Structure formats: structure tokens, C-alpha cells
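Participant:
There are 2 protein chains.
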Amino acid sequence: MKNKKNENFSEWFTEITQEAELCDLRSEIKGMVVNMPWAVMTMKKMYAIYEAELERRGHRPALFPALIPESLLNKESEHVEGFVANVLWVTHGGDKKLEEKYALRPTSETIIYKMYSLWIQGLKDLPLKIYQSCQVWRYETSATRPFIRGREFWWIEAHDAFATREQAEQQVRDDMEMTELIMHQQFGIPFMFFQRPQWDKFPGAENTYAADCLMPDGKIVQQPSTHMLGQKFSKAFDIKFMDENGKLQYAWQTCYGPCIWRIYASIIAQHGDDKGLIMPFALAPVQIIIVPIFKKENETVVRDKSYKIKQMIMQAGFRVDVDFSEQTPGSKFYKWEMKGVPIRIEIGEKEANSGILTLARRDSSTKEQVEESKLIAKITDLQETIRKNLVSKADDYFISKFFNASTKEELKEQLKKGGFVRIPFCSIDVDGKECADEVKAETVADVRGVPFDSNEKPKYGERCIHCGKPAKVYVYAGRQY
Amino acid sequence: MKNKKNENFSEWFTEITQEAELCDLRSEIKGMVVNMPWAVMTMKKMYAIYEAELERRGHRPALFPALIPESLLNKESEHVEGFVANVLWVTHGGDKKLEEKYALRPTSETIIYKMYSLWIQGLKDLPLKIYQSCQVWRYETSATRPFIRGREFWWIEAHDAFATREQAEQQVRDDMEMTELIMHQQFGIPFMFFQRPQWDKFPGAENTYAADCLMPDGKIVQQPSTHMLGQKFSKAFDIKFMDENGKLQYAWQTCYGPCIWRIYASIIAQHGDDKGLIMPFALAPVQIIIVPIFKKENETVVRDKSYKIKQMIMQAGFRVDVDFSEQTPGSKFYKWEMKGVPIRIEIGEKEANSGILTLARRDSSTKEQVEESKLIAKITDLQETIRKNLVSKADDYFISKFFNASTKEELKEQLKKGGFVRIPFCSIDVDGKECADEVKAETVADVRGVPFDSNEKPKYGERCIHCGKPAKVYVYAGRQY
């Protein structure tokens, strides 16, 4: 690749999305890309993993209309205020003006909670845990970037309703656990959940807990967030149930939104290198690529062996392909390295006759030899080895990016290293907003909030980095993508 | 159920979608329903089966924007003319009027073929076979019905481009074969592919081949159609490739559109009865339901056995649930029959102690006894037995609904029986349209076209049912849903 990940990450990222054929930017629709097969095949697997885990935890899938009448969107005032500037509006059907305009869903709380008010009557209807896999549209006015910020993106939204605050709070922790199991352990993307400051929470939520990840340039990117909605929406949408004493109560709600499209960006960015993508084994569209190396005179023996090995691997349940295109072995290596295929097996006459195969790992650039009879066992091992290696590399990077500062000068200095800088701060309630705005204006650092369930408290005498009042919290700040 | 399938099908259909909790009609958005978990779980399986088969046949998934600029939609004149009256238009982003209005995709030819013109340059880029699973929106002005006709529905669209007409024609046959393998053999929905008359083809196609199925009231419903697009779109969108002689040629194209949402309607209608749904085993969200029957004194032994059996079935890879809700066994039977679960196992004290289980089949209303040690083998057998039974019942009905007529009087008479009536006809080219319109006005029968690859030709002397000119073709007519 022309660009180096560690020198000019931003250009590297754009280049890899083009070189690995992940998306096409020429759709003629501003901020909406064409997601190409190699990307979609991985995103389908990401969806499948997430959906299975959601269902295992008691969520059921549904599909709600993509259009939301304006009157419904307007029901929760903070919510509509937060989204209305970014709504794409459907106003006409054929050549007729619609009686009421429809929002292309920027998120689905309003339509879903309208239905919840019909579905929830008594304790027997609770908890209600439903998710939908869909795309949403937001009329972004800032610059868009494939897989990171677009006017159309693909996500999952899970919406849960409970009888008690405690159950809703437990769900918030459950959502975090799911994020850990999937995004960290399976996809290899480390994160930290922050309780967002009040001025930066989801519009209509009591509290937002968002997983912040790091890009290789040290900038922060927000990944799944889970929101404690409290009873704000249940009051706006009249979601009530009869409790055990025959009294009507408002439901307690949470929602959780892993954005598959954006998590894919983190996967590209976190694991890729200057040769291209490095796909986690579980998410690779092709997990093992066989590259036959032959001349005219030994073509048959190599071809037969290649197909035999392919067949064997396929029967073991792995995704395998053999590249018999008319390119040189060198350009095939280049291509499949760019595509991030985890394991490459080269088969020449020697391998065909000896029964000893060479496996090249994409993640570690190492090679291993294995007897044909032990191939499947080897691949099965590597599956876990590769996963662990990617997680551990990502963790090493992530852990190295936490810093401290107690003055704005220190903060500016630390920010150069990228990552998160812990600073003493006056408050993450609304009255802290002014300080946060000033800090951002002076240092470009966003105040991301307080780590979830953190016991860290500023020591006596520590003062807010901006206003100088006694610090009540440590917040983490950094440059946002 | 209040309504009987064979007496008032239309009301029965609406009732079953509500009683089995398949959709909710109270979304406040005209013609757009909320698809509820039980329906979505089945549609997800339908998608998975279709997508796997498409990929096995060389298609790859992609995701194209849901919005299409007006100028792009306008590029193929017949196409835009066919769809423009039903387009929902996005005109504003936030409070700003967009420079160009966007169509919410009614179908994706225009955006996809714009990309094909960029992706296809030479023979190495062909064939290009891409599909997308998505929803589309059409501003229907006629009455909408859940899963049959709506302003929003879920489908797959596969778009293929080839170097030669022959390859494109072969793809049309391949699409039909796929329909047979999936819709008929797996979902149990028989159909016949008709070459549609020229006045009823897909806007922009050379020829449309559509699978017509029957509803239980004898009305015809169109299911997947495959279209021979010829070079019409490739000329409109400039999709050209350099052939082996260095000459630029326009690509040959086809597209295929199985509407998952509507095929689901056929599954409900075809297999269901007056107790509720009957789900094909492969598509049932729950394949085996265990209903424990106990009193206080034997609750533990029944509960333990029920969980043990559930565990055993689950480990064998089937979808199983045990209903421990606080309802009577009777209401549990009622509920799971309504939901169409293929196999019910009742477990009481006797079953818990004897090791002999009773399996109740939903499709045949029969019961069978089986030793616990042979349970998994039995379920594995039943899986295929149930599939065959549903296919065969559906076939019997379908085959019985073909009739003949040679005058309009006979046609009217035969139409009372429902199904397809074969009539001698002047032409399915444009000059036959007037006769078709007259036949419809007089008899309510739609002319559906000529069976694909049919050799049936009217005998010398037979005359068009309307104009009396010598008949050139036998067409099949019937009432359309």
C-alpha cells in the first residue's frame, strides 16, 4: 500500500477500503456508499454472532417500519431535539404530497415504544426484550467516512422494558458483558465503557454508557452504547403495566445499539497492516486460501492435490477456496494478503508428493509445516491461536494509551501520544459542560466521561483542570474521531 | 379460529396473522406493518436458506444505498414509467430542501447498474452475480394486506450480467431451478413459471418469467420472478465490456426477485388450518415443544424429565422449548398449535417413569409413541416425513386447479372453481393486450401468460377466446390476488 498505517492512518484507512474492495464511493448519493461483497460477507457473520448472543440472552427479533410519522417522532421532546436536524424526510408518494411527512428512521425508539405501549399491560408482558437488525439514516452535515460515519449505516438496536429500575440496571451490565464477549473476545477490539457526561448522552436517556475504542492514530471512536432510559420514554409513550398490587406503573427501559458497520471499521483499523486487512478467523469470508504453484508438466498432480485438500477442509466446516486464476503466485499472495485471509496454504509438486503442507499465517507472518493427516487439527488449533494473538496485540496497544494530566498544559502534551488522558474535573452533570467546552476549545480534547463502575476519586486538594473548583471526578479525555 | 380457511379464506388469513402474533397492524404508518418475532424468526431462516443457495450458485452479497437520485431512476424510460407513480420521495434533510430528490428504492436496478457500468470492463469481470437482501418501498394505492401487499416489504434481489445472451438465458433457467429447490421442495409451495405477456412484464425487461402460486381460495399470487433484461439496461447505463476481439459489447443481464415477505404469506396460507399455522419443519422457530403435565406431588419428576429431554433434543441440533408457563395443558396445546410447531411432546408422570414418549404431529394430527433412546432418530425421520407430507398435500391441491375453456362462457364457469384456466388466445405480444383487457373486464380473469418452455399449441381451427382470430397460443388465466 502507498500509505503506512503508523504514519498516515487516515489515508491508509481510505486506501485499504479501496484496495481490498470493501466499498465503492461512487454511488452518486452523498454519504452513502456501496458495501461490496468482501465487506458484506464479514458483516453478515458479525450480525449472525451478535444476533445469536442477543437471542441466547432472551431477545427476540422483530422488524419495524423504516418510516416514522413526524407526530410520533415528536413525542419525546429531548429525543426529537437531538435528532431532528439530521432527519431525512419523506414528503411525497408518487406525485402526491403526503398528509403527514415521514422520517426515515434515524433510530427507532419512537415507533418501537409506541408498540410497547400496546403490548405491555401487565407483569406477564415483562421483561420485553426485542431487537431489530436494520439500517438507519442520518443527514450528517460533517464529513462522512466509509464504515465510520455515513448518512446510511447498518446496526442492531435492542430495546428492553422491565418492571423495576434494578432489572433495567442489570440489563445495562448485561449489554456491557455482551460487548465484552463479542467485540473484545471475538472481534479483538478492546474498549472501555464510559458513563457519558449529561450533556453528551443519548437524547431522551437518563444515562448513556458508551464503549470507547481507539484507532491506530490514537483517536477515540465510540462503539456500542447502552442507555438507561429510566421512565422518560415510558412516560412520553404511556408504557404502563399493572403491578402485583393492581397499581399502574411506568416501565423501566434500556436500549443498546451495536453498529455493525462501524465495528467493522474498528476491525479493519485495529488488525490491518501495510499489506492489507487481517481478518479475525471467525469473520473471514475465506478462512483458508490454497494457492497452487505449478508448471505445465505438473499441473495435474498439483491441481488434484489442491482440490483434495480443499474438499477435506470444507468438510471440516471451514471456509476455504483455491485460487486457480491465471495470475502469478506472487500476485495471488498479494491479493489474499490484502483481503486478510487468515491462513494460506501453498501447494506445489513437492507438497503434492510429500504430504507435508506449509501454512502461512496472515496475523503473525509466520509459516508452519504440517502433515496432511494433521491438517484439520492444526487449523482448529490455529483458529484459537490467531484469535488470542489478535486480542493480545490489540490489548497491548490499548493499555499503553492511558495517561494522566492535572493541568491543561500537561493535557495538551499527553494528547500528542493519543489515547485517553485522565484529568481531574468539576462535574459530569450539566454544570460541567462549560468547562468541557473550554477544554475542548483550548486542547481539542473531548471529555468522554467516567469509567463505568469506577472507584477512582480525585484526592483532597485536586482541582478541576479548567475552573479550578475542587475536583469531584476523574474524567477521561481524548481526541474524537 | 372464528373463520374457516375453506369458507372465508380472506378473513381466516387476517385472523391467523393476529392470533399467531405474526404482525401488528397498528403502526400508524399506512401499509407498513410491524413484523413480530414469530414471523421474523421464520423469515430469517427463509433468508438464510435462499442466501446460502444463491452463494452456492456463485452470487455474492452486497448492500447498495436505499436512496436513489431521481436522475438515476430516470435513466431507463420504461423502467421509470413503470415505477414512478409508486415512489416515495425523500425531499428534505433536516429543514433543508435537498438539491435533488431521492427515491426510496422501489427496486434497485438503477443504482446497481450504475455501479455495474463502473465494475464491468472486460471479460474477466463477467459473469457478475450479486444479490442484496433488503426491504423496498412502494407507495401502493390499492388495498394493502400483511405479507401479501404492503408499502414496505422484505425481499432478495439478484442482479446478474453476462457476456452472451445464451448465458443470460441459462441464468433464467437457473433461477427457476433455485425456486423449485427452495420454494417448492423446502417450503412446500408449488408454482408454475409463466412467460408474462408483453404488457405485463417487468418495466425495462425483454421478458418476465414469474412463478404463479395459488391461495386456498383459488386466487393466483405471483411469487419469485426472473427477468431477461437483454441489453436494455446495459444500453441505458452503458455497461460495456471488451470482448475477445477487442470490441466493446453491451452486457446481457437478468434479475431475480424472491420476496421473502410474500412467500411467507404463501406458507401461512398453504399449510395452515383452522387451528392455526402449520410450519415446515425447517422454518419453524420452535421445532419441538415439550408440554409438561403435572400436579404438585409429581412436579419434580416431570420437570426433571422435561429438561432432560429438552437438553437431549437441543444437543442434536434441533430447536426445542419446554413450556413451563402457568397455563393449563389445554391452553398450551392451543397456543403451540396456533404457532404451528411441528412436533409436540407431552410429558407426564407416566412418560417420566416409563421412558416411552408420545409425539404429536401438527401436520397430520397423528400421534406416535417412541422409546426415549430412539427419540432423536425419530425426530430426524419426521423432519423428512413432515416435509414430504406438506409438499404432497400442496401438490395435490395445486394440480387439481387446472382447467380448460374455449369460450368466455366456459371461462366464467371454470373460474368459479379457482385456479388456472387454459384458453386459446390470439397473442401475448402487445397486440394481444386489447383482448386481455376485454377478457378481464368481462370475466375478472387475468391473462397470466404461457407456461415456460411449453410445447402446447392450439390446434388448427381454435380461435382466440375474445377476438376470434386464429389462436396462436394457449394462455392461462385466473383471478389475481
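Sequence order for the protein chains is A and B. In this text, residue positions in the first sequence follow our numbering: the first is 1, and each later residue adds one. In this text, residue positions in the second sequence follow our numbering: the first is 1, and each later residue adds one. By construction, the Cβ of each residue, glycine as well, lies at the ideal position given by its N, Cα and C atoms. Remember, it's a predicted structure, so these values are computed and weren't measured experimentally.
#1: Which whole-angstrom value is the C-beta distance of B:Y113 and B:F241, which I expect to be below 8 Å?
#2: Using CA atoms only, rank isn't needed, just tell me which of B:F13, B:M43, B:D125 is closest to B:R145.
#3: Within a Cβ cutoff of 6 Å, which residues of the same chain sit near B:R319, ignoring the five residues on either side of it in sequence?
#4: State yes or no: is the C-beta of B:D304 nearer than 7 Å to some heavy atom of the ligand GDP?
#5: Between B:A103 and chain A, is there a C-beta pair that is closer than 8 Å?
#6: Runs of 4 residues minimum, wholly inside the stretch 28-89 of chain B: which ones carry the alpha helix (DSSP H) assignment?
#7: Check whether the stretch 402-413 of chain A touches the stretch 329-346 of chain A, counting contact only when three or more Cβ pairs, one atom from each stretch, lie closer than 8 Å.
#8: Using only the alpha-carbon positions, how far apart do B:M46 and A:C467 sit?
#9: So what does A:T358 bridge to, in DSSP terms?
#10: For B:E297 and B:G330, what's the separation of their Cα atoms in angstroms?
#11: Quick one: is A:F64 near chain B, going by C-beta distance under 8 Å?
#12: Could you pull out every unbroken beta strand (DSSP E) segment of at least 3 residues lying fully inside the stretch 307-347 of chain B, listed in chain order?
#13: A:C435 to A:I428, Cα distance in whole Å?
#14: Please specify which runs of the alpha helix (DSSP H), each continuous and at least 4 residues long, are wholly inside the stretch 107-146 of chain B, giving them in chain order.
#15: Counting Cβ pairs, one atom from each stretch, are 3 or more of them under 8 Å apart for the stretch 151-169 of chain B and the stretch 254-267 of chain B?
#16: Using the rule of at least 16 other Cβ atoms within 10 Å of the residue's Cβ for burial, across every protein chain shown, is B:Q185 buried or exposed?
#17: In chain order, what residues of the stretch 27-54 of chain A put their CB closer than 7 Å to some CB of chain B?
#18: Please decide whether B:T91 counts as near chain A, where near means a Cβ-Cβ distance under 8 Å.
#19: Which residues, in order along the stretch 71-86 of chain B, keep a beta-carbon less than 9 Å from a beta-carbon of chain A?
#20: For a contact defined as C-beta to C-beta under 7 Å, what are the partners of B:L67 on chain A?
#21: Is B:R60 close to chain A, meaning its C-beta is less than 8 Å from at least one C-beta of that chain?
#22: Using 8 Å as the Cβ pair cut-off and three pairs as the minimum, do the stretch 350-368 of chain A and the stretch 173-185 of chain A touch?
#23: Buried or exposed: which applies to A:I465, given that a residue is buried once 16 or more other Cβ atoms fall within 10 Å of its Cβ?
#24: Please classify B:N35 as buried or exposed, where buried requires at least 16 other C-beta atoms within 10 Å of its C-beta.
#25: Ordered along the chain, which non-local residues of its own chain (more than five positions away) have a Cβ less than 7 Å from that of B:E11?
#26: Consult DSSP for A:E384 and reduce its assignment to one of helix, strand or coil.
#27: Can you give the Cα-Cα distance for B:H59 and B:R463, rounded to whole angstroms?
#28: Tell whether a beta-carbon distance below 8 Å holds between B:V90 and A:L104.
#29: Determine the extent of the beta strand (DSSP E) in which B:H184 is found, giving its start and end residues.
#30: Look at A:K401 and A:F425 and say whether their C-beta atoms are less than 8 Å apart.
#31: Are A:I293 and A:K310 touching if we call contact CB-CB under 8 Å?
#32: Considering only their Cβ atoms, is the gap separating A:D274 from A:F9 smaller than 8 Å?
#33: Is A:N86 closer than 8 Å to A:R149 when the C-beta atoms are compared?
#34: Assuming contact is defined by CB atoms lying nearer than 8 Å, are B:P61 and A:V40 in contact in what I supplied?
#35: Below 7 Å between beta carbons is the criterion; list the residues of the stretch 1-24 of chain B that meet it against any residue of chain A, in chain order.
#36: At which residues does the beta strand (DSSP E) containing A:K96 begin and terminate?
Facilitator: Let me lay it out:
#1: Locating residue 113 of chain B in the second sequence gives position 113, counting from the first residue. Locating residue 241 of chain B in the second sequence gives position 241, counting from the first residue. Not really, about 14 Å apart at Cβ, beyond 8 Å.
#2: To locate residue 145 of chain B, count along the second sequence from 1; it is residue 145. Minimum Cα distance to B:R145 is reached at B:F13.
#3: Working through the second sequence from its first residue, we reach residue 319 of chain B at position 319. V286, Q287, listed in sequence order.
#4: With respect to the ligand GDP, the structure shown offers nothing to examine, as it has no ligands at all.
#5: Against the second sequence, residue 103 of chain B aligns to sequence position 103. No, because no Cβ of chain A sits closer than 8 Å to the Cβ of B:A103.
#6: 37-56, 70-73, 77-83, all fully within the stretch 28-89 of chain B.
#7: The stretch 402-413 of chain A is not in contact with the stretch 329-346 of chain A.
#8: The residue given as residue 46 of chain B occupies position 46 in the second sequence. The residue given as residue 467 of chain A occupies position 467 in the first sequence. Approximately 59 Å between the Cα atoms of the pair.
#9: Counting from one through the first sequence, the residue named residue 358 of chain A turns up at place 358. DSSP output for A:T358 lists A:E346, A:Q369 as bridge partner(s).
#10: By one-based count along the second sequence, residue 297 of chain B stands at place 297. By one-based count along the second sequence, residue 330 of chain B stands at place 330. Rounded to whole angstroms, B:E297 to B:G330 spans 20 Å at the Cα level.
#11: Locating residue 64 of chain A in the first sequence gives position 64, where the first residue counts as 1. So yes, A:F64 belongs to the interface.
#12: Fully contained in the stretch 307-347 of chain B are the following beta strand (DSSP E) runs of length 3 or more, in chain order: 320-322, 343-347.
#13: Counting from one through the first sequence, the residue named residue 435 of chain A turns up at place 435. Counting from one through the first sequence, the residue named residue 428 of chain A turns up at place 428. The C-alpha of A:I428 is placed about 10 Å away from the C-alpha of A:C435.
#14: Whole alpha helix (DSSP H) segments, 4+ residues: 109-119.
#15: Yes: the two stretches touch, three or more of their Cβ pairs being nearer than 8 Å.
#16: Position 185 of the second sequence holds residue 185 of chain B. By the neighbour-count rule (16 or more Cβ atoms within 10 Å), B:Q185 is not buried but exposed.
#17: Those would be S27, E28, I29, M32, V34, N35, M36, P37, V40, M41, K44, in chain order.
#18: Residue numbering aside, residue 91 of chain B sits at position 91 when the second sequence is read from its first letter. Under the Cβ criterion of 8 Å, B:T91 is counted among the residues facing chain A.
#19: Cβ contacts with chain A: S71, L72, V84, A85, N86.
#20: Stepping through the second sequence from its first residue, residue 67 of chain B is reached at position 67. For B:L67, the residues of chain A that pass the 7 Å Cβ criterion are I29, M32, in the order they occur in the chain.
#21: Taking the second sequence and counting its residues from 1, one reaches residue 60 of chain B at position 60. Cβ-Cβ to chain A under 8 Å: yes for B:R60.
#22: The stretch 350-368 of chain A is not in contact with the stretch 173-185 of chain A.
#23: Position 465 of the first sequence, counted from the first residue, corresponds to residue 465 of chain A. With 16 or more Cβ atoms within 10 Å of its Cβ, A:I465 is classed as buried.
#24: Counting from one through the second sequence, the residue named residue 35 of chain B turns up at place 35. By the Cβ-count criterion, B:N35 is buried, with 16 or more other Cβ atoms from all chains shown falling within 10 Å of its own Cβ.
#25: As a position in the second sequence, residue 11 of chain B is number 11, starting the count at 1. Spatial neighbours of B:E11 in its own chain (CB-CB distance under 7 Å, excluding positions within 5 residues in sequence) are listed in chain order as N3.
#26: Within the first sequence, numbered from 1, the residue matching residue 384 of chain A stands at position 384. Here A:E384 sits in helix by DSSP.
#27: If you number the second sequence from 1, residue 59 of chain B lands on position 59. If you number the second sequence from 1, residue 463 of chain B lands on position 463. C-alpha separation (whole angstroms): 45 Å.
#28: Here residue 90 of chain B corresponds to residue number 90 of the second sequence, with the count starting at 1. Here residue 104 of chain A corresponds to residue number 104 of the first sequence, with the count starting at 1. Yes.
#29: By one-based count along the second sequence, residue 184 of chain B stands at place 184. Where B:H184 is concerned, there is no enclosing beta strand (DSSP E), because DSSP gives it neither an H nor an E.
#30: Reading the first sequence from its first residue, position 401 is the one you call residue 401 of chain A. Reading the first sequence from its first residue, position 425 is the one you call residue 425 of chain A. Contact: no.
#31: For the purposes of this step, residue 293 of chain A is taken as residue 293 along the first sequence, with counting starting at 1. For the purposes of this step, residue 310 of chain A is taken as residue 310 along the first sequence, with counting starting at 1. Their beta carbons are not under 8 Å apart, which means A:I293 does not touch A:K310 by this criterion.
#32: Counting from one through the first sequence, the residue named residue 9 of chain A turns up at place 9. Counting from one through the first sequence, the residue named residue 274 of chain A turns up at place 274. No, the pair does not count as a contact, with Cβ atoms beyond the cut-off.
#33: As a position in the first sequence, residue 149 of chain A is number 149, starting the count at 1. As a position in the first sequence, residue 86 of chain A is number 86, starting the count at 1. No, these two residues do not count as a Cβ contact at 8 Å.
#34: To locate residue 61 of chain B, count along the second sequence from 1; it is residue 61. To locate residue 40 of chain A, count along the first sequence from 1; it is residue 40. Taking C-beta atoms as the reference points, B:P61 and A:V40 count as a pair closer than 8 Å.
#35: Listed by position along the chain: D24.
#36: Residue mapping note: residue 96 of chain A aligns to position 96 of the first sequence, counting from 1. Unbroken beta strand (DSSP E) run through A:K96: 96-104.
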